[in-house]
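**Q**
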Amino acid sequence: MKKRIYLFSILAVAVIIGISILTMVLGNNSKETEIENVQFLNDFNKINVALKKKSRSNYFFKNMDLHNGDLFLLNRKNEGLDLKKGDNVKIDLSMNPDGQSATGVGYILDGKYTEIFSASVYDQLTTSFDVEEDGEYIICIIGFNANFITITEGVISID
Numbered sequence: 010m011k012k013r014i015y016l017f018s019i020l021a022v023a024v025i026i027g028i029s030i031l032t033m034v035l036g037n038n039s040k041e042t043e044i045e046n047v048q049f050l051n052d053f054n055k056i057n058v059a060l061k062k063k064s065r066s067n068y069f070f071k072n073m074d075l076h077n078g079d080l081f082l083l084n085r086k087n088e089g090l091d092l093k094k095g096d097n098v099k100i101d102l103s104m105n106p107d108g109q110s111a112t113g114v115g116y117i118l119d120g121k122y123t124e125i126f127s128a129s130v131y132d133q134l135t136t137s138f139d140v141e142e143d144g145e146y147i148i149c150i151i152g153f154n155a156n157f158i159t160i161t162e163g164v165i166s167i168d
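For the sequence shown, this note's numbering begins at 10 and goes up steadily by one.
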């Protein structure tokens with residue numbers, strides 16, 4: 010009898026763990042994750058990065074060190090980018106990481122942070138998102154890395 014209860018307990022724990030793993034895997038298939046409360050961003054070292062205009066729809070910045078806990082707020086004249094519904098925003102970063110590093114990319118719109126990328130990076134990071142509503146978007150790059158990353162060139166293209 011004790012053997013059955015013991016085996017049943019092990020089976021129940023295995024099922025719960027399996028369901029948890031399945032939920033995490035299926036839940037992370039979404040490309041964008043919106044976070045209503047941006048309070049967690051207050052824990053980061055905020056650095057305003059001024060974007061330079063390459064053309065009407067291309068902006069860039071160069072040679073910035075992204076350390077663990079840094080939050081780059083990419084802006085133009087201390088304002089976000091004015092984007093319209095239907096725009097496609099492509100973010101392309103060339104980088105030299107000091108070892109394996111993790112980076113997050115997202116945007117803030119109307120006080121809500123939306124993550125569009127978060128993973129380990131090596132020498133190139135390219136991601137994009139489609140604008141679903143007009144507004145002033147602040148593109149963010151977050152350092153989750155143990156060491157630091159030098160972003161040799163960052164380009165934002167809007168189509």
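Note that CB positions come from ideal geometry on N, CA and C, so glycine has one too.
#1: What residues are listed by DSSP as bridge partners for Val98?
#2: Here's a check: name, in chain order, each residue in its chain whose Cβ is nearer than 7 angstroms to the Cβ of Gly115, leaving out the five neighbours to either side.
#3: Distance, Cα to Cα, Lys94 vs Glu88?
#4: At what residues does the beta strand (DSSP E) containing Ser110 begin and finish?
#5: Do three or more CB pairs link the region 61-68 to the region 100-107 at distances below 8 angstroms?
#6: Identify every residue that forms a DSSP beta bridge with Gly78.
#7: Rounded to whole angstroms, what is the Cα-Cα separation between Ala155 and Asp91?
#8: For Tyr122, report the span of its beta strand (DSSP E) as first-last.
#9: Distance check for Glu141 and Asp74, CA to CA, integer angstroms please.
#10: Let me confirm a value: Phe49 is counted as buried when at least 16 other C-beta atoms fall within 10 Å, else exposed. Which label applies?
#11: Alpha carbon to alpha carbon, how far is Ile147 from Gly108? Give it in angstroms, no decimals.
**A** In brief:
#1: Numbered from 1 along the sequence shown, position 89 holds the residue referred to as residue 98. The partner list for Val98 (beta bridge, DSSP) reads Phe138 and Ile167.
#2: Here residue 115 corresponds to residue number 106 of the sequence shown, with the count starting at 1. Once the five neighbours on either side are set aside, the close Cβ partners of Gly115 are Tyr122, Thr123, Glu124, Ile125 and Cys149.
#3: The residue you call residue 94 lines up with position 85 of the sequence shown. The residue you call residue 88 lines up with position 79 of the sequence shown. Rounded to the nearest angstrom, the two C-alpha atoms are 18 angstroms apart.
#4: Within the sequence shown, residue 110 is the residue found at index 101, counting from 1. Ser110 -> beta strand (DSSP E) spans Ser110 to Leu118.
#5: no
#6: The count along the sequence shown starts at 1 and reaches residue 78 at position 69. Paired residues: none, contrary to the question.
#7: Translated into the one-based positions of the sequence shown, residue 155 becomes position 146. Translated into the one-based positions of the sequence shown, residue 91 becomes position 82. The straight-line gap from Cα to Cα measures roughly 33 angstroms.
#8: Here residue 122 refers to the residue found at position 113 of the sequence shown. Unbroken beta strand (DSSP E) run through Tyr122: Lys121 to Val130.
#9: Translated into the one-based positions of the sequence shown, residue 74 becomes position 65. Translated into the one-based positions of the sequence shown, residue 141 becomes position 132. So the alpha carbons of these two residues sit roughly 31 angstroms apart.
#10: Here residue 49 refers to the residue found at position 40 when the sequence shown is read from its first residue. Around the Cβ of Phe49, a 10 Å sphere holds fewer than 16 other Cβ atoms; the residue is exposed.
#11: Residue mapping note: residue 108 aligns to position 99 of the sequence shown, counting from 1. Residue mapping note: residue 147 aligns to position 138 of the sequence shown, counting from 1. Those two C-alpha atoms are separated by around 28 angstroms.
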